[in-house]
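Asks: So that we are looking at the same thing, I have put the structure below in structure tokens.
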Amino acid sequence: MSDPAAFVGGIRALLVQAAHPEVAAGVGDHSVYREDPLGRLSRTAAYVSATTYGSLPEVDRALTVVRNAHRPVSGTSHRGTAYDAGDP
């Protein structure tokens, strides 16, 4: 991403998503960002790059990887609300 606005926009999108209590619970319960922050950032960047600049087969592969990674992500937030990464 050569445009700094894309980086800033990406950070904003992550912060807005993380502000949602069930998203925060899912990240807190299932993400490895604490143990492997650079790996997590690298995987996110690879997904964004593939879905932005990739061919249709590359986009399909990236979507499959993310769907498979998110499949086991479900639980209950501190508010007692169920969450599932497959929810829209």
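Start counting the sequence shown at 1; every next residue gets the next number (full-length UniProt numbering). Even for Gly, the Cβ is constructed at its ideal location relative to N, Cα and C. Note that the coordinates shown come from a computational prediction; the quantities given were computed from them, not determined experimentally.
Using the beta-carbon count (16 or more within 10 Å), is residue 86 buried or exposed?
Replies: The residue you call residue 86 lines up with position 86 of the sequence shown. Exposed is the call here.
Asks: Could you tell me if residue 80 is buried or exposed, where buried requires 16 or more neighbouring beta carbons within 10 angstroms of its beta carbon?
Replies: Reading the sequence shown from its first residue, position 80 is the one you call residue 80. Residue 80 is exposed by the Cβ-count criterion.
Asks: Three Cβ pairs or more, each shorter than 8 Å: is that satisfied between the region 46 to 59 and the region 18 to 29?
Replies: As far as the Cβ criterion goes, the region 46 to 59 does not touch the region 18 to 29, which means the pair count is below three.
Asks: Run through DSSP, which three-state label would residue 36 get?
Replies: The residue labelled residue 36 in the question sits at position 36 within the sequence shown. Here residue 36 sits in coil by DSSP.
Asks: Quick one: Cα of residue 18 to Cα of residue 5, how far?
Replies: Indexing the sequence shown from 1 puts residue 18 at position 18. Indexing the sequence shown from 1 puts residue 5 at position 5. Each residue's alpha carbon lies about 20 Å from the other.
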